[in-house]
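>
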Ligand code: UDP
Ligand code: MG
């Protein structure tokens, strides 16, 4: 089957990646950030943040009719999260591949969820599912002035 959301584009994109409260509590922050850094994507925003209930509801508004929605909001607000903005060519789909599928038991070994989690309700990390949602979520979680534009010195060694 053709899964357009899993095919990395050739466009420079932004994605919102978030280490969920279980990832923070389990001491996986460094491990998770490392995977995106080592891949070669560019970090443009980063903060530790206690998410208010209204923001969790807005972030996951497409899921509000699902039976698990109240538990999901409780989970996301249960402790601090690490909010990140990452930029790069094809970063939205590529980050989803690095993260692995929603249920960690089905996620491939080598992915974050495949290596580090066992339950859908404790799947340690979020990643935007489209470039549009990447922009929407970064605007939702970061304020003006919290993002940085910069040029990594390694760029000529990543891109020909
Ligand atoms: N979720 C859950 N139960 C489900 C489906 C999803 O608790 O049956 C949670 C889980 O934390 C998931 C989040 O809701 O990561 C968002 O669901 P989505 O389908 O968007 O998965 P994702 O994009 O995170 O892989
Ligand atoms: Mg999703």
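Numbering (UniProt numbering), first residue to last: 62 to 221. For each residue, glycine too, the CB sits at the ideal point set by N, CA and C.
DSSP three-state call for residue 129: helix, strand or coil?
As a first step, residue 129 must be located in the chain shown, where it is residue number 68. Residue 129: coil per DSSP, three-state reduction.
> With 16 as the cutoff for other CB atoms within 10 Å, does residue 147 come out buried or exposed?
Taking the chain shown and counting its residues from 1, one reaches residue 147 at position 86. The residue is buried, with at least 16 neighbouring Cβ atoms inside 10 Å.
> Using 8 Å as the threshold, is the region 143 to 162 in touch with the region 74 to 89, meaning 3 or more CB pairs across them?
Output reads yes: the region 74 to 89 touches the region 143 to 162.
> Which class does residue 151 belong to by DSSP, given the choice of helix, strand or coil?
Indexing the chain shown from 1 puts residue 151 at position 90. The answer is coil: DSSP assigns residue 151 none of H, G, I, E or B.
> Note down, in chain order, each residue of its chain lying with its Cβ closer than 6 Å to the Cβ of residue 119, except the 5 sequence neighbours on either side.
The count along the chain shown starts at 1 and reaches residue 119 at position 58. Nothing meets the Cβ criterion.
> Could you check whether the Cβ of residue 184 sits closer than 6 Å to any heavy atom belonging to the ligand UDP?
Counted from its first residue, the chain shown places residue 184 at position 123. At least one heavy atom of the ligand UDP is nearer than 6 Å to the Cβ of residue 184, so yes.
> For the alpha helix (DSSP H) containing residue 198, list its first residue and its last residue.
What you label residue 198 is simply residue 137 of the chain shown in a count that begins at 1. Counting along the chain, the alpha helix (DSSP H) containing residue 198 begins and ends at 192 to 202.
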